[in-house]
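Here the structure comes first, spelled out in structure tokens, and everything after it is commentary.
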Amino acid sequence: MTGNKSFFETLVMEEGGYVTFGDGSKKKVVGKGSISVPDLPSLSDALFVDGLKANLISILHLSDEGYSVLFSKNDCSILKPDGQTLLKGMRSSDNCYCLEARIVSNNVSMDEQVELWHERLGHMNFRDLRTLGKFECVRGLPKLGKKANGIYGPCQQGKQTKACTKRASISPPRSP
Numbered sequence: 001m002t003g004n005k006s007f008f009e010t011l012v013m014e015e016g017g018y019v020t021f022g023d024g025s026k027k028k029v030v031g032k033g034s035i036s037v038p039d040l041p042s043l044s045d046a047l048f049v050d051g052l053k054a055n056l057i058s059i060l061h062l063s064d065e066g067y068s069v070l071f072s073k074n075d076c077s078i079l080k081p082d083g084q085t086l087l088k089g090m091r092s093s094d095n096c097y098c099l100e101a102r103i104v105s106n107n108v109s110m111d112e113q114v115e116l117w118h119e120r121l122g123h124m125n126f127r128d129l130r131t132l133g134k135f136e137c138v139r140g141l142p143k144l145g146k147k148a149n150g151i152y153g154p155c156q157q158g159k160q161t162k163a164c165t166k167r168a169s170i171s172p173p174r175s176p
């Protein structure tokens, strides 16, 4: 369940009762649909809960969708049906497992994000940007794939120079 409407691929707005939390508070369910966000499990019949500040994932729901969830004393992992790790989480002081997920904004394309970070980091070359993203050296920098173009128009234009050439004088052919 989530309070973020933009996560839903399909959403049917319908009142579906209330969700009661551990502290006794209640929130109203205002819709239901399927969620498809990059790097997160795809889930059907997810609840849209008005005013929910954190996203909550049902282990039963994950199992029904074909995912596996492994718990240990200090961490947990969600595995795709093929066995690859999709998400990892750490156990918090209040005995909840919190997952770390990077949410990519739907409003900005990956190319625009790459160009934005290229500008923010002083027009750094794209190979080094990929390295920073890979090792998570900069907070908020997305992991960049090999698809990243690597050519930024204004930088390319700035590196071009106009070579001065002497203008050849052309004279009409001499008659014999």
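At position 75 of the sequence shown (counting the first as 1) the number is 75 in the UniProt record's numbering, and the numbers step up by one without a gap.
All C-beta atoms, glycine included, are put in the ideal place defined by N, C-alpha and C.
Determine the closest residue to Arg66 out of Leu129, Arg91 and Gln84, with distance taken between C-alpha atoms.
The identity of residue 66 in the sequence shown is Gly, whereas the question assumes Arg. With distances taken between Cα atoms, Gly66 lies closest to Gln84.
Nearest residue (CA-CA) to Leu60, options Ala46, Asp50, Ala54 and Gly51:
Ala46
Given a cut-off of 8 Å, decide if Leu129 and Leu144 are closer than it, judged by their beta-carbon atoms.
yes
What separation, rounded to the nearest whole angstrom, lies between the Cα atoms of Phe135 and His118?
17 Å
Am I right that Phe7 and Val37 are in contact with their C-beta atoms under 8 Å? What's the rounded C-beta distance?
In this structure Phe7 is in contact with Val37, their Cβ atoms being roughly 5 Å apart against a cut-off of 8 Å.
If you draw a straight line from the C-alpha of Lys5 to the C-alpha of Lys53, how long is it?
12 Å
Determine the closest residue to Leu40 out of Lys32, Lys28 and Thr2, with distance taken between C-alpha atoms.
Thr2
From Ser58 to Ser44, what does the alpha carbon distance come to, in whole angstroms?
12 Å
Could you please give the first and the last residue of the uninterrupted beta strand (DSSP E) stretch that includes Lys75?
The question names Lys, yet the displayed sequence has Asp at residue 75. Counting along the chain, Asp75 sits inside the beta strand (DSSP E) bounded by residues Asp75 to Leu79.
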